[in-house]
Amino acid sequence: MKKKENKDEKFKEFDDFVNDLQNTIDVKVHEDFSAYALELGKNPYKYGKLPPNKISVQKKWRGSCGDSITFYLNIEDGRIQDIRYETDGCTTSSIAGSATAKIVDKKTIEDALQLSDKQVLAALGKFPEENYHCATLSVTTLHLALKDYLESNKTR
Numbered sequence: 045m046k047k048k049e050n051k052d053e054k055f056k057e058f059d060d061f062v063n064d065l066q067n068t069i070d071v072k073v074h075e076d077f078s079a080y081a082l083e084l085g086k087n088p089y090k091y092g093k094l095p096p097n098k099i100s101v102q103k104k105w106r107g108s109c110g111d112s113i114t115f116y117l118n119i120e121d122g123r124i125q126d127i128r129y130e131t132d133g134c135t136t137s138s139i140a141g142s143a144t145a146k147i148v149d150k151k152t153i154e155d156a157l158q159l160s161d162k163q164v165l166a167a168l169g170k171f172p173e174e175n176y177h178c179a180t181l182s183v184t185t186l187h188l189a190l191k192d193y194l195e196s197n198k199t200r
């Protein structure tokens, strides 16, 4: 019976270690991110591709950190009717892409072109300073997509 007790005690020690580690991580995450940013991390806004027949323009751009974001836009009558995004980057890239998509969804092209990375960061609230570049990556990609769309529709 002593062998069984030692095994149970070791499992309890390991479980306690894992629980303590998770609590430490949770505290740190809540120090670095707002509740809104964490929600977008868990439940991204419009992550994925639009159906091919709904894509007016798509643009992928890679930032200096090595992450990329792709925006897929359905634009009708000068307005973003639908927006989706994908990223091959970290969670903070996804959070920034999600916030950007949520802000400009249903907006006019002109309004979307006015969006800045500072506005995305303000919407996110608390967000780690070392990841501010993710907001820049997201907004830059959006702007490049919109400029591509405008350029391709100039001659029409």
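In our numbering, the protein residues as written are 45 to 200.
Heads up, the beta-carbon is just placed ideally off N, CA and C, and yes, glycines get one too.
Check: Between Thr-131 and the rest of its own chain, which residues show a CB-CB distance below 6 Å, the 5 nearest in sequence each way excluded?; Outcome: Ile-113, Ser-137, Ser-138 and Gly-141
Check: With a threshold of 16 other CB atoms inside 10 Å of the CB of Gly-254, please say whether the residue is buried or exposed.; Outcome: Outside the shown range of the chain, which is 45 to 200, sits residue 254, and nothing can be said about it.
Check: Strictly by DSSP, which residues pair up with Gln-102?; Outcome: Tyr-116
Check: Taking the alpha helix (DSSP H) that Thr-180 falls in, what are its first and last residues?; Outcome: 176-196
Check: Sorted by chain position, which residues of the same chain lie with C-beta nearer than 7 Å to Ser-182's C-beta, five sequence neighbours on each side aside?; Outcome: Ile-113, Ala-140, Gly-141, Thr-144 and Val-164
Check: Where do the ends of the beta strand (DSSP E) carrying Thr-131 lie?; Outcome: 123-131
Check: Please indicate yes or no: does the CB of Asp-161 lie closer than 7 Å to some heavy atom of the ligand ATP?; Outcome: You won't find the ligand ATP in this model; it holds no ligand whatsoever.
Check: Just the Cα atoms here: how many angstroms apart are Glu-173 and Leu-94?; Outcome: 31 Å
Check: Between which residues of its own chain and Gly-85 is the CB-CB distance below 6 Å, once the five residues before and five after are set aside?; Outcome: Thr-135 and Ile-139
Check: On a Cα-Cα basis, can you pick out the residue from Lys-162, Phe-77, Gln-102 and Asp-149 that is closest to Asp-192?; Outcome: Gln-102
Check: Along the chain, where does the alpha helix (DSSP H) containing Glu-83 start, and where does it finish?; Outcome: 79-86
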